[in-house]
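Scroll down for the structure; my scribbles are underneath it.
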Ligand code: COA
């Protein structure tokens with residue numbers, strides 16, 4: 050396999066974009082990434098686009114062809130990748146594999162979603178299709194309900210408290226307040242989280258990621274070629290993907306996501322690093338409980354022990370294990386197809402030492418963790434600044 054580096058990043062502001070459509074968002078992020086990489090359209094060999102459901106959200110299918118056309122990349126091969134909320138992470142992995150394999154030298158990976166054109170009931174139904182439609186959504190179990198079950202069980206098994214989940218939200222809103230592209234720019238308190246309206250007990254409004262519009266794009270290149278374009282090489286040193294049961298009731302345990310565990314093991318093995326080497330991690334906190342599960346399933350903590358680190362503020366940008374410095378899905382927003390690429394963008398910003406107030410000191414190695422649905426897909430990447 051050849052070595053691969055990220056040479057360009059581009060992102061739109063995340064939030065509610067009344068004035069911009071799906072294609073406007075993706076063009077904006079795409080242009081930013083190409084400019085940042087300093088590559089011309091004709092130098093790019095292929096494009097992968099992560100989008101969960103643009104057909105149901107805005108009526109636009111055939112998203113990759115649209116993006117290639119509007120960013121000016123025709124006639125390169127353009128492929129849409131779908132893995133629910135992990136669509137962006139999977140698009141990145143496909144782009145990585147295309148370069149690592151020697152098939153292509155320079156590849157673009159993007160992710161986008163325009164979610165706010167639907168009302169909350171409609172978007173919940175679309176998102177709910179990423180679970181087991183017959184056994185879960187059809188019975189009324191949308192994602193807040195599914196993650197609420199996981200939260201209840203975690204509370205039962207490990208004495209996790211609602212206050213612990215609230216601390217995750219407070220920290221992610223704090224990080225988001227230092228991030229210009231985040232959806233929410235205001236800090237919140239534990240009391241505000243606990244007093245916010247119940248969505249699906251024990252999860253409250255401020256335990257949930259929001260409905261978001263946004264796009265993110267990155268450019269990858271074979272390492273030797275990458276040196277032509279940038280002095281700061283961010284190498285992809287590990288990539289792992291795994292699948293697990295789609296329905297909650299089929300799992301042996303609902304307090305762990307097996308696909309996360311396997312994807313992390315694969316990525317760490319390939320990267321030849323251990324948890325101690327990771328300077329920051331962007332995890333898939335679609336709900337606050339999901340950040341707790343992720344930190345345990347990725348192997349940073351034993352089951353039931355992540356909350357101790359959270360209570361001790363270790364997961365802040367200036368703590369011993371910075372988690373979700375972008376603000377995460379909770380604070381930065383979660384335009385589902387874009388999220389996995391946004392995580393790569395944030396790690397690249399940190400490794401380039403460009404994160405301003407939320408900069409992690411001496412960041413050299415970062416991890417991303419992107420989940421589809423309630424855990425049937427997980428994809429983990431490890432990136433390292435090598436120059
Ligand atoms: N966090 C913080 N504030 C939020 C928010 C969130 N997740 N969601 C909405 N808000 C704010 C809005 O900005 C709005 O504020 P305003 O009154 O100052 O303008 C207010 O709360 C009401 O917003 P509204 O859109 O009416 O909320 P809602 O009740 O319709 O939707 C949720 C709230 C939590 C149900 C919705 O955001 C949701 O479904 N989130 C989960 C998305 C999801 O499942 N993603 C996939 C994960 S696998």
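Numbering (the numbering used here), first residue to last: 50 to 436. Glycine is no exception: its CB is placed at the ideal position from the N, C-alpha and C atoms. Since we're looking at a predicted model, the values are computed, not measured.
Residues of its chain near residue 50, where Cβ-Cβ distance is below 6 Å and the 5 sequence neighbours each way are ignored:
To locate residue 50, count along the chain shown from 1; it is residue 1. Counting only Cβ-Cβ distances below 6 Å, and skipping sequence neighbours, we find 149.
Taking 6 Å as the cut-off, is the beta-carbon of residue 335 closer than that to any non-hydrogen atom of the ligand COA?
Within the chain shown, residue 335 is the residue found at index 286, counting from 1. It does: the Cβ of residue 335 is within 6 Å (strictly closer) of some heavy atom of the ligand COA.
Would the C-beta of residue 309 count as close to the ligand PLP, meaning under 6 Å from any of its heavy atoms?
In the structure on display, the ligand PLP does not appear, and the ligands it does have are the ligand COA.
Using DSSP with H/G/I as helix, E/B as strand and the rest coil, what is residue 310?
The residue labelled residue 310 in the question sits at position 261 within the chain shown. Residue 310: helix per DSSP, three-state reduction.
Count Cβ pairs between the region 390-406 and the region 259-268 that sit closer than 8 Å; are there 3 or more?
yes
Would a C-beta distance cut-off of 7 Å place residue 284 and residue 433 closer than the cut-off?
By 1-based counting over the chain shown, the position of residue 284 is 235. By 1-based counting over the chain shown, the position of residue 433 is 384. Between residue 284 and residue 433, the C-beta spacing is below 7 Å.
What do you reckon, is the C-beta of residue 237 under 6 Å from a heavy atom of the ligand COA?
The residue labelled residue 237 in the question sits at position 188 within the chain shown. No, the ligand COA has no heavy atom inside 6 Å of this Cβ.
Does the beta-carbon distance from residue 384 to residue 191 come in below 7 Å?
Numbered from 1 along the chain shown, position 335 holds the residue referred to as residue 384. Numbered from 1 along the chain shown, position 142 holds the residue referred to as residue 191. No, these two residues do not count as a Cβ contact at 7 Å.
Nearest to residue 406 by CA position, among 397, 431 and 374, is which residue?
Working through the chain shown from its first residue, we reach residue 406 at position 357. The shortest Cα separation from residue 406 among 397, 431 and 374 belongs to 374.
Distance, residue 168 Cα to residue 176 Cα
Position 127 of the chain shown, counted from the start, is the residue given in the question as residue 176. Position 119 of the chain shown, counted from the start, is the residue given in the question as residue 168. Taking the straight line joining both Cα atoms gives about 12 Å.
Could you round the C-beta distance between residue 216 and residue 359 to whole angstroms and report it? I think they count as a contact, below 8 Å.
Taking the first residue of the chain shown as position 1, residue 216 is located at position 167. Taking the first residue of the chain shown as position 1, residue 359 is located at position 310. With a Cβ gap of about 5 Å, residue 216 and residue 359 count as contacting.
Roughly how many whole angstroms lie between the Cα atoms of residue 221 and residue 380?
Mapped onto the chain shown, residue 221 falls at position 172. Mapped onto the chain shown, residue 380 falls at position 331. Cα-Cα distance, rounded: 5 Å.
Cβ of residue 248 versus every heavy atom of the ligand COA: is any distance shorter than 6 Å?
As a working mapping, residue 248 is identified with position 199 in the chain shown. Checking every heavy atom of the ligand COA against the Cβ of residue 248, one is found closer than 6 Å.
With DSSP collapsed to three states, give me the class of residue 81.
Taking the first residue of the chain shown as position 1, residue 81 is located at position 32. Helix, per DSSP.
Proximity of residue 194 and residue 251 at Cβ, strictly below 7 Å
As a working mapping, residue 194 is identified with position 145 in the chain shown. As a working mapping, residue 251 is identified with position 202 in the chain shown. No; because the gap between Cβ atoms is not below 7 Å, this pair is not in contact.
Please confirm whether any heavy atom of the ligand COA lies closer than 6 Å to the CB of residue 124.
On the chain shown, position 75 is the one that residue 124 refers to. False, no ligand heavy atom lies under 6 Å from that Cβ.
Give the DSSP-derived three-state secondary structure of residue 327 in the structure shown.
Your numbering for residue 327 matches position 278 in the chain shown. Taken through DSSP and simplified to helix, strand or coil, residue 327 comes out as coil.
Taking the alpha carbon of residue 105 as the point to measure from, which residue in 164, 342, 214 and 317 has its own alpha carbon closest?
On the chain shown, residue 105 is found 56 positions in, with the first residue counted as 1. Per the Cα distances, 164.
Could you pull the start and end residues of the beta strand (DSSP E) that residue 163 belongs to?
Translated into positions along the chain shown, residue 163 becomes position 114. Element bounds for residue 163: 155-163.
Using 10 angstroms around the beta-carbon of residue 377, count the other beta-carbons present and answer buried if the total reaches 16, otherwise exposed.
Looking up residue 377 in the chain shown gives position 328. Classification of residue 377: buried, given that the 10 Å Cβ count is 16 or more.
Buried or exposed: where does residue 263 fall if 16 or more other Cβ atoms within 10 Å of its Cβ makes it buried?
Position 214 of the chain shown, counted from the start, is the residue given in the question as residue 263. Buried is the call here.
Tell me the DSSP bridge mates of residue 288?
As a first step, residue 288 must be located in the chain shown, where it is residue number 239. Answer is 430.
Under 8 Å: do the region 113-132 and the region 88-99 share three or more Cβ pairs, one atom per stretch?
yes
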